[in-house]
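Take a look at the structure set out below.
2 protein chains.
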Amino acid sequence: MGNSVTNQSASEGKRALSKAANRQAILEAARGVFARLGVDSTTVRDIIRETDLAAGTFYNYFKSKDDVFEALANESTTRFRPRLAEVRAKATDFESYIRAAYRAYFEFLRDENIAAIESGAPHMALIGVRIDTPEMQSVVEEIRADLESHFSPGDTQGVDTEYVTAAAVGIAREMGDYMLKRRPVDVDGATEFASGLFLTGMESFGMRVRTTP
Amino acid sequence: MGNSVTNQSASEGKRALSKAANRQAILEAARGVFARLGVDSTTVRDIIRETDLAAGTFYNYFKSKDDVFEALANESTTRFRPRLAEVRAKATDFESYIRAAYRAYFEFLRDENIAAIESGAPHMALIGVRIDTPEMQSVVEEIRADLESHFSPGDTQGVDTEYVTAAAVGIAREMGDYMLKRRPVDVDGATEFASGLFLTGMESFGMRVRTTP
DNA sequence: GCGAAAGTTGACGGGGCGTCACGAATGGGG
DNA sequence: CCCCATTCGTGACGCCCCGTCAACTTTCGC
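Heads up: the protein sequence lines correspond to chains A and B, in order. Quick note: the first sequence uses our numbering, first residue -12, plus one each step. Quick note: the second sequence uses our numbering, first residue -12, plus one each step.
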């Protein structure tokens, strides 16, 4: 008992600890309220009410309701990033990268929305995706770099890598939305279709891709 | 002077006339304010202030700021519909439909945003597109029907027309956004790329498409 | 332990929202 | 031509949410 230093089991001071806890509490409360009421009609007070904090405290952590929403979106994007990194690491060629990337995205979408899917929620499928946050734009930039790295100099004749990226991302986004509306959620089918379409399509620009049928 | 009936030059009563004028005034004011302040931070009062109407009058025409935004979006969608109909009427086969449809969409996007493009506006490129209004969903459904009408029974083996539609639309949306960010706005390049990718891609599902190189 | 710094609290002024009672404009009927 | 029912415009009002801030509590360094 006589030790003047703080309890060893706590690696951080009480200060930082409660700060993290409060931030997390707000985020979790917001996630629930957004799902229940929809983002537009929730108020800062709705969020803080599901917490044991006071109204003013909210503004020590976030600037506004939309700031919280963006944080949730970034959190979600952050969860996707390692999956994409794994895909990049394991890919041996263009085809395997594309297939794995589409699968990773569609699986991610399903996983993120599994709660909403299982309980037929009306609002907010798709939190954290679709929104054009800077974080998401940076993921798109990663994908562009990945795609470019698979273009051999002979292939890339006049192909605009940003158009390629936009098309690949567009297919994923729109098909992803659609996939989530169907029961059962068909990750395999979506992956197969998106990959087949995109890989074959790229051949029209002189890219040599062997598509496994 | 002596005629008891109303003035013949006015085909409508003053009532209906001013109603239409007021509605239009609100829409035009809203378009300007949305462009200047961004949709999120404009208020109903901001809109009505640019009008010679009173605050309460706004609610005789629209339920909320978002209702106005949706109306503007629908208006825009309505302008696109005849272009798509023309494409449908003139198309002789799958390829010509796809090429013309992508071109129509990219030209439409450029035309709708020409003001914003020429004056480097910060907010709101893209009013009326991207937003998932019921009106827009109905256009997507039109496109789905168009695509399906070009699938011959031999082709359509196991091809999910809704996946096809989603992919085609996704390519258009994402590439369209990207096209608008570039100067000069490159409708030809975007059309060429989107059409080539999609048409060739469809061949991987057994569809017989002759792509002109 | 003690003083300073950091964090929390809830009440408050400000402002946008949507409504409503009132008055003006319209147009059909006599 | 006039009158009255109906429709529409008006702006003040009450409501609620926002973001702030001075007072209070907790934590930290010494």
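Note that the Cβ used here is the ideal one computed from N, Cα and C, for glycine as well.
Residue-level contact to chain A via CB, residue i, 8 Å cutoff
| i | result |
| --- | --- |
| B:A112 | Low per-residue confidence applies at B:A112: pLDDT is 48, beneath 50, and the placement is therefore not dependable enough to give any value. |
| B:A103 | no |
| B:F95 | no |
| B:E15 | no |
| B:F138 | no |
| B:E149 | yes |
| B:E135 | no |
| B:E82 | no |
| B:F180 | yes |
| B:Y46 | no |
| B:Y89 | no |
Exposure label - residue i; buried when at least 16 CB within 10 Å
| i | result |
| --- | --- |
| B:L96 | buried |
| B:D133 | buried |
| B:Y84 | buried |
| B:I13 | buried |
| B:T52 | The sequence given here places Lys at residue 52 of chain B; Thr does not occur at that position. B:K52 should be labelled buried. |
| A:R160 | buried |
| B:A76 | exposed |
| A:F192 | buried |
| B:G25 | exposed |
| B:R32 | exposed |
| B:S63 | buried |
| A:T152 | buried |
| B:E(-1) | exposed |
| A:A112 | Because the pLDDT of A:A112 is 48, which lies under 50, any placement of that residue in the model is unreliable, and the number read from its coordinates should be weighed accordingly. Counting Cβ neighbours within 10 Å, A:A112 comes out buried, since at least 16 surround it. |
| B:I101 | exposed |
| B:A42 | exposed |
| A:A3 | exposed |
| B:T79 | exposed |
| B:D29 | The sequence as given places Thr at residue 29 of chain B; Asp does not occur at that position. It is buried - the Cβ of B:T29 has at least 16 other Cβ atoms within 10 Å. |
| B:T65 | exposed |
| B:E73 | exposed |
Partner residues on chain B for residue i, Cβ-Cβ distance less than 7 Å
| i | result |
| --- | --- |
| A:I130 | Those within 7 Å of A:I130 in chain B number zero; the least Cβ separation is about 12 Å. |
| A:G188 | L184, F185, T187 and G188 |
| A:S191 | G183, L184, T187 and T198 |
Residue i at chain B interface by Cβ criterion, 8 Å
| i | result |
| --- | --- |
| A:A153 | yes |
| A:L71 | no |
| A:F67 | no |
| A:I158 | yes |
| A:Y92 | no |
| A:E99 | no |
| A:E161 | yes |
Closest Cα partner of residue i within the set the options
| i | options | result |
| --- | --- | --- |
| A:E179 | A:V156, A:Y89, A:P171 and A:S125 | A:Y89 |
| A:E99 | A:V26, A:L167, A:E122 and A:H137 | A:L167 |
| B:A177 | A:T148, A:T30, A:E122 and A:A177 | A:T148 |
| A:E105 | A:D54, A:S182 and A:P171 | A:P171 |
| A:A154 | B:A181, B:G0, B:L186 and B:L4 | B:A181 |
| A:A103 | A:F21, A:T187, A:D119 and A:R2 | A:F21 |
| A:V209 | A:G163, A:L186 and A:L184 | Outside the shown range of chain A, which is -12 to 200, sits residue 209 of chain A, and nothing can be said about it. |
| B:D27 | B:A42, B:A3 and B:D54 | B:D54 |
| B:M189 | B:F81, B:R2 and B:A58 | B:F81 |
| A:V126 | A:L184, A:H137 and A:V156 | A:V156 |
Chain A residues whose Cβ lies nearer than 8 Å to that of residue i
| i | result |
| --- | --- |
| B:F56 | What B:F56 touches in chain A: nothing, since even the nearest Cβ is about 12 Å away. |
Neighbouring residues, chain B, relative to residue i (Cβ below 8 Å)
| i | result |
| --- | --- |
| A:M123 | Ordered by position in chain B, no residue passes the 8 Å Cβ test against A:M123, which lies about 12 Å from the chain. |
Subject >> Three CB pairs or more closer than 8 Å across the stretch 45 to 55 of chain B and the stretch 5 to 19 of chain B >> reply: yes
Subject >> the stretch 57 to 70 of chain B in contact with the stretch 36 to 44 of chain B per 3-pair CB rule at 8 Å >> reply: no
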